[in-house]
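The numbering of the sequence shown is my numbering, which starts it at 7 and goes up by one. Okay, so here's the structure we're looking at.
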Amino acid sequence: MALLASLALLALTACSQEEIVHGLEESQANQVLVALDEDGMRAEKRREEGSEATWRVEVASSEAPRAQRLLAERELPRPRPPGFGEIFGKGSIVPTPAEERALYLHALSGELARSVEAIDGVVEARVHLALPPADSLRPEPVTTPRAAVLVKVRPGARSRLEPLAPGIQSLVAGAVAGLDATAVSVVVAEAAPAARTPDGGAPARRRSVLLTLAGVAASLALALPSLALASSHLDLRRFLGRFVRRAP
Numbered sequence: 007m008a009l010l011a012s013l014a015l016l017a018l019t020a021c022s023q024e025e026i027v028h029g030l031e032e033s034q035a036n037q038v039l040v041a042l043d044e045d046g047m048r049a050e051k052r053r054e055e056g057s058e059a060t061w062r063v064e065v066a067s068s069e070a071p072r073a074q075r076l077l078a079e080r081e082l083p084r085p086r087p088p089g090f091g092e093i094f095g096k097g098s099i100v101p102t103p104a105e106e107r108a109l110y111l112h113a114l115s116g117e118l119a120r121s122v123e124a125i126d127g128v129v130e131a132r133v134h135l136a137l138p139p140a141d142s143l144r145p146e147p148v149t150t151p152r153a154a155v156l157v158k159v160r161p162g163a164r165s166r167l168e169p170l171a172p173g174i175q176s177l178v179a180g181a182v183a184g185l186d187a188t189a190v191s192v193v194v195a196e197a198a199p200a201a202r203t204p205d206g207g208a209p210a211r212r213r214s215v216l217l218t219l220a221g222v223a224a225s226l227a228l229a230l231p232s233l234a235l236a237s238s239h240l241d242l243r244r245f246l247g248r249f250v251r252r253a254p
């Protein structure tokens, strides 16, 4: 019975899930799932209850520490760049013209970064806008508007995504009045691959062993009543045998 209880406990532990991150947008949850899958870990995303659509990610309890380390190494989940809704939807006091312009450029940069991050394989994007302020006394801008885009992609995806640089230039230039696509510089860099532990296959092997033990526990649980019944019959026959031998 002690062995059966231990095996059942192992089976229960193998099937239990543990939450590793919560309160995510769906795109952030998907990034976490991709990272865990690339490292050989099975994870699930579940929608959380509440007025806002947020998600949480769960893994097997035995793999939770390893999953947390991986997310820390890859700096996941990453906060989304603030857009117009986050910056201008705060209901603060009326800003000065200079503050309003700075907020607008910050929000526009965030919206453009979100668009670039929507490309498959892009891990993170940052857009920097250098736009001269409008001057009613000088119709012509003193300096030429410029922009710079940093695109961080998954390991091995640089060669596939670098040809998209002209399209990213056009995307940014099309969103900014007076900005020429040739004045937009795009840098594509690969994210550092996550360091794998020497026993990277251990979780999979552990999971296989636990599943095997769970099967053994289930078989023993099914066979236990029959074994107990057979044992009781054997004891009864021995008892009756001793009684018969003692009879005159």
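Using N, Cα and C, we set each Cβ at its ideal position, and we do this for glycine too. This one's a predicted model, so the numbers in the text were calculated from it and none came from an experiment.
In the DSSP annotation of this structure, the continuous segment of the alpha helix (DSSP H) that includes SER176 starts and ends at 171 to 181.
With a beta-carbon spacing of about 6 Å, PRO139 and ARG107 fall inside the 8 Å limit used to define contacts. The stretch 64 to 78 makes contact with the stretch 41 to 49: 3 or more CB pairs, one atom from each, lie closer than 8 Å. For GLN23, the pairing in a beta bridge is given by DSSP as ALA66. In this structure, VAL157 places its C-beta atom within 9 Å of the C-beta atom of GLU130. Here ALA59 is exposed: its Cβ has fewer than 16 other Cβ atoms, across all protein chains shown, within 10 Å. With a cutoff of 9 Å on beta-carbon distance, ARG132 and ALA119 are scored as near each other. In the structure shown, VAL100 adopts coil according to DSSP, grouped into three states. Counting other Cβ atoms within 10 Å of its Cβ, PRO85 stays below 16 and is therefore classed as exposed. In the three-state reduction of the DSSP assignment, LEU82 falls in the coil class, being assigned neither a helical nor a strand state. The beta-bridge partner set that DSSP reports for HIS112 is empty.
Restricting attention to TRP61, THR102 and LEU137, the CA atom closest to the CA of GLU31 is found in TRP61. Taking a contact as a CB-CB distance under 8 Å, the pair ALA41 and LEU77 counts as one, their CB atoms being some 7 Å apart. Judged by beta-carbon spacing, VAL65 lies within the 9 Å limit of GLU24, meaning their Cβ atoms are closer than that value.
Around HIS28, the same chain offers ARG62 as residues with beta carbons nearer than 6 Å, after the five sequence neighbours per side are excluded.
Excluding the 5 residues flanking it on each side, GLU168 has same chain C-beta neighbours closer than 7 Å at VAL194, in chain order.
Rounded to whole angstroms, the Cβ separation of ALA189 and ALA153 is 7 Å, and the two are in contact under 8 Å.
Bridge pairing for ARG53: TRP61 [DSSP].
Here the alpha carbon of LEU39 sits roughly 29 Å from the alpha carbon of HIS134. Secondary structure of ALA197 (DSSP, three-state): coil. Judged by DSSP in its simplified three-state form, ALA136 adopts strand. DSSP, reduced to helix, strand and coil, places GLU130 within a strand of the structure shown. Ranked by how close their Cα comes to the Cα of ALA198, the residues GLU81, ALA183 and SER33 have GLU81 in first place. By the CB criterion at 9 Å, ALA181 and LEU137 fall outside the cutoff.
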